[in-house]
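Data first, discussion second: the structure below is written as structure tokens.
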Amino acid sequence: MKEKVDSGVIKKYKSGRYSFRDLKKLASWFQDSENHENLQSNMREEWEEFNLQPTDLQKDLSSVYLNVESKINSDKKAVNFKDRFFHVYLRVAAVLLIPLLIYSSIVTFQQKSVEELEPSWVEVNAPYGARTLLNLPDGTEVTLNSGSQLKYLADFKHDRKLEIEGEAYFDVVHDSASPFVVHTDFMDVKVLGTKFSVVSAEDENTIDVILEEGKVQLTGAQNSFSEVLTKDESFVFDKVARTGKIRKVDARYLTSWKDGYLVFRKEPLGKVMQRLGRWYNVQFQIEDPEVEDFKYRATFHDEPLEEVLRLIALTAPISYEIKERKINTSDEYEPKIVIIKLEKQD
Amino acid sequence: MKRLESLSEEELVISLRSNSQDAFKKLFDRYSQKLFHFSRSYLKSDFESEEIVQEVFIKIWENRGNLKSDKSFKSYLFTIAFNAIKKHFNKKMREEKYKHELFEWLIRSSPDLETRTEFEKLIEKLDHLIDQFPPKRKIIFLRRKKEGKSISEIAQEMGISPKTVKNQITAGMNSLKKSFAEEDFSTILFYFLFIS
Numbered sequence: 057m058k059e060k061v062d063s064g065v066i067k068k069y070k071s072g073r074y075s076f077r078d079l080k081k082l083a084s085w086f087q088d089s090e091n092h093e094n095l096q097s098n099m100r101e102e103w104e105e106f107n108l109q110p111t112d113l114q115k116d117l118s119s120v121y122l123n124v125e126s127k128i129n130s131d132k133k134a135v136n137f138k139d140r141f142f143h144v145y146l147r148v149a150a151v152l153l154i155p156l157l158i159y160s161s162i163v164t165f166q167q168k169s170v171e172e173l174e175p176s177w178v179e180v181n182a183p184y185g186a187r188t189l190l191n192l193p194d195g196t197e198v199t200l201n202s203g204s205q206l207k208y209l210a211d212f213k214h215d216r217k218l219e220i221e222g223e224a225y226f227d228v229v230h231d232s233a234s235p236f237v238v239h240t241d242f243m244d245v246k247v248l249g250t251k252f253s254v255v256s257a258e259d260e261n262t263i264d265v266i267l268e269e270g271k272v273q274l275t276g277a278q279n280s281f282s283e284v285l286t287k288d289e290s291f292v293f294d295k296v297a298r299t300g301k302i303r304k305v306d307a308r309y310l311t312s313w314k315d316g317y318l319v320f321r322k323e324p325l326g327k328v329m330q331r332l333g334r335w336y337n338v339q340f341q342i343e344d345p346e347v348e349d350f351k352y353r354a355t356f357h358d359e360p361l362e363e364v365l366r367l368i369a370l371t372a373p374i375s376y377e378i379k380e381r382k383i384n385t386s387d388e389y390e391p392k393i394v395i396i397k398l399e400k401q402d
Numbered sequence: 283m284k285r286l287e288s289l290s291e292e293e294l295v296i297s298l299r300s301n302s303q304d305a306f307k308k309l310f311d312r313y314s315q316k317l318f319h320f321s322r323s324y325l326k327s328d329f330e331s332e333e334i335v336q337e338v339f340i341k342i343w344e345n346r347g348n349l350k351s352d353k354s355f356k357s358y359l360f361t362i363a364f365n366a367i368k369k370h371f372n373k374k375m376r377e378e379k380y381k382h383e384l385f386e387w388l389i390r391s392s393p394d395l396e397t398r399t400e401f402e403k404l405i406e407k408l409d410h411l412i413d414q415f416p417p418k419r420k421i422i423f424l425r426r427k428k429e430g431k432s433i434s435e436i437a438q439e440m441g442i443s444p445k446t447v448k449n450q451i452t453a454g455m456n457s458l459k460k461s462f463a464e465e466d467f468s469t470i471l472f473y474f475l476f477i478s
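For the protein sequence lines, the chains are A and B, in the order given.
Residue 159 in my numbering sits at position 103 of the first sequence; the count goes up by one each step and never skips.
Residue 376 in my numbering sits at position 94 of the second sequence; the count goes up by one each step and never skips.
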């Protein structure tokens, strides 16, 4: 309900000699948008005439300025610390075998001064052998595959940038005012309202972007390339050759992991071991290379590693041995080792 | 190049538009005190007023490309400040809502309270009285009034019966009423003797 804004009431409020009724009036002027225009012009007049009284003590605002300055400078600087960060992170993760973690700052990992960490990042890690489902501040749903990591700006609602290490599936909320960008070392994936997954792991030679629905634009570092992906297409980028190729794929199948399915469709066992290794964080040692070519097909749904291996051994000509985890000389846990051998035909 | 001291505000704005952090600092020095005290008269908090100064100047920097040098910078600054002050003020009202509600309840028994006395002093007294409650009563009272928890929630959290919770709240409300009723009398006296 529109009311008249009375400057007398405002004066009384500011002087401290106001009644509850005065406060209620002022509160409704600030609250109801119908009154904002009047309130603003009243206050504007007041601001133009405002002068510091001799009784107003000078407030030391130097710390405020420092905050403003650091925000300005952090916006200028490219976020280049991530390489160092990931390197340190991986090392630490191996030592502690930390399950799900969410940090709002990464002071723990860096000795560098705090200014470098502005603005603040939120970090989410999915533990090995499990997936993590989370919602970003803008409503986008992310499924992080086991052993993967996602980092996004705390101010994500206004600046939709994030980084991933590993594999993540995104169900993005459309917001044309704020582009959604996934940053990897070699290219940026820009999307508008869509479903896609990105695989970007340090220890692999390729970066894969698989699009289930919608459209994404892929831009190479230093604009080395620009591609547009549509539904059921994948872009496989070779990190060594620095080139990529678009392929038609069954996107649903390739992203089935997000619902807990481990699906192998006539895949060579070598590839199967690679995926299992990443999923369960184990190292496969294949003693007999002939094993690698065997084409395997199966679907697993949230099974433990031992069960998966047992089932594979039923139909594939392999025998396996799971070695217990060891602590090495630097007091770090080594990942589990599974030795695969060709099954002896008796 | 002229020293920054002698630059007019228009020139400072032009410099700022071209990303001069020096010009930005100069403008900060020129307006931050005023902005701080102006905000403080509305928000009544040093801390919040500092936040206003921070928010406003960060916004100014972020939008420096759109600055118009022929328009008043002082006025432009106000427009940004108004929105920030409004947001903070509304938030403060939301947070203090429970005190206002308590006060409305007190007014029902002595309606004069609403218009005659200085509200800030009354709220201060209200805060003080609640603080003086016996510890258990204080916890129950604040959980109900400030945090908005239900009687059964509180009963469960504290391991006591809902009836006890209810009784404590009623006792709290009554003691507040009593204290304010007494205060009323002395305040009326004060006004008669010293003000009128």
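Backbone N, C-alpha and C fix where the C-beta goes; we use that ideal spot for every residue, glycine too.
Keep in mind that this is a model prediction, so the values were computed, not measured.
- At least one CB of chain A lies nearer than 8 Å to the CB of Phe360 of chain B.
- Contact annotation, Ile220 of chain A with Val254 of chain A: C-beta distance approximately 6 Å; criterion of less than 8 Å satisfied.
- Here Ala224 of chain A is not near Leu189 of chain A, since their CB atoms are 8 Å or more apart.
- Phe356 of chain A has A:Leu318 as its beta-bridge partners, per DSSP.
- The beta carbon of Lys459 of chain B sits closer than 8 Å to those of Leu388, Ser391, all from its chain and outside the five residues before and after it, given in chain order.
- Within chain A, the C-beta atoms nearer than 9 Å to that of Trp343 of chain B come from Val124, Lys127, Ile128, Asp131, in chain order.
- Bounds of the beta strand (DSSP E) holding Thr299 of chain A are 299-304.
- Residues of chain B whose Cβ lies closer than 9 Å to the Cβ of Arg100 of chain A are, in chain order, Ser357, Phe360, Thr361, Phe364.
- For the alpha helix (DSSP H) assignment, the uninterrupted runs of no fewer than 4 residues enclosed by the stretch 400-465 of chain B are, from N- to C-terminal side, 401-414, 417-427, 433-440.
- Annotation for Phe364 of chain B: no residue places its beta carbon closer than 6 Å to its own, counting only its chain and skipping 5 residues before and after.
- Between the alpha carbons of Lys428 of chain B and Val198 of chain A lies a distance of about 36 Å.
- Listed by position along chain A, the residues whose Cβ is nearer than 7 Å to that of His319 of chain B are Leu108, Asp112.
- The Cβ neighbour count for Leu267 of chain A, taken over all protein chains shown within 10 Å, is at least 16; the residue is labelled buried.
- Flagged as an interface residue toward chain A: Ile340 of chain B, by a C-beta distance shorter than 8 Å.
- The closest CA to that of Ala453 of chain B, considering only B:Ile422, B:Asp409, B:Arg299, is found on B:Ile422.
- Among the residues of the stretch 58-83 of chain A, those with a Cβ less than 9 Å away from any Cβ of chain B are Ile66, Tyr69, Lys70, Ser71, Gly72, Arg73, Tyr74, Ser75, Phe76, Arg77, Asp78, Leu79, Lys80, Leu82, Ala83, in the order of the chain.
- For Phe371 of chain B, the enclosing alpha helix (DSSP H) has its first and last residue at 355-391.
- The three-state secondary structure of Pro345 of chain A, taken from DSSP, is helix.
- Under the 8 Å criterion on CB atoms, Ser323 of chain B is classed as interfacial with respect to chain A.
- Boundaries of the beta strand (DSSP E) around Val180 of chain A: 177-181.
- Here Phe226 of chain A is not near Val265 of chain A, since their CB atoms are 8 Å or more apart.
- Taking C-beta separations shorter than 7 Å and ignoring five residues to either side along the sequence, the partners of Phe293 of chain A in its chain run Phe242, Met243, Thr262, Ile263, Gly300, following chain order.
- Only buried fits Tyr324 of chain B, as 16 or more other CB atoms lie within 10 angstroms of its CB.
- Contact annotation: Lys295 of chain A and Arg187 of chain A have beta-carbon atoms that are not nearer than 8 Å.
- Legend: CB atoms of the stretch 365-380 of chain B lying less than 7 Å from CB atoms of chain A belong to residues Lys368, Phe371, Asn372, Met375.
- Counting of Cβ neighbours within 10 angstroms places Arg381 of chain A among the exposed residues, the total staying below 16.
- CA-to-CA, the gap between Arg425 of chain B and Ala437 of chain B works out to about 11 Å.
- Taking a Cβ-Cβ threshold of 9 Å, the residues of chain A close to Arg398 of chain B are Ser75, in chain order.
- Interface criterion met: the Cβ of Ser314 of chain B is under 8 Å from a Cβ in chain A.
- The C-beta of Lys115 of chain A comes closer than 8 Å to at least one C-beta of chain B.
- Below the 7 Å Cβ cutoff, chain B contributes Lys368, Phe371, Asn372 as neighbours of Phe86 of chain A, in chain order.
- Phe106 of chain A: not part of any alpha helix (DSSP H); DSSP gives it neither H nor E.
- The three-state secondary structure of Asn191 of chain A, taken from DSSP, is strand.
- Less than 8 Å divides the Cβ of Ile396 of chain A from the Cβ of Phe340 of chain A.
- In this chain, the alpha helix (DSSP H) harbouring Gly326 of chain A covers 325-336.
- Using beta-carbon distances, Glu402 of chain B counts as an interface residue toward chain A, with a partner under 8 Å.
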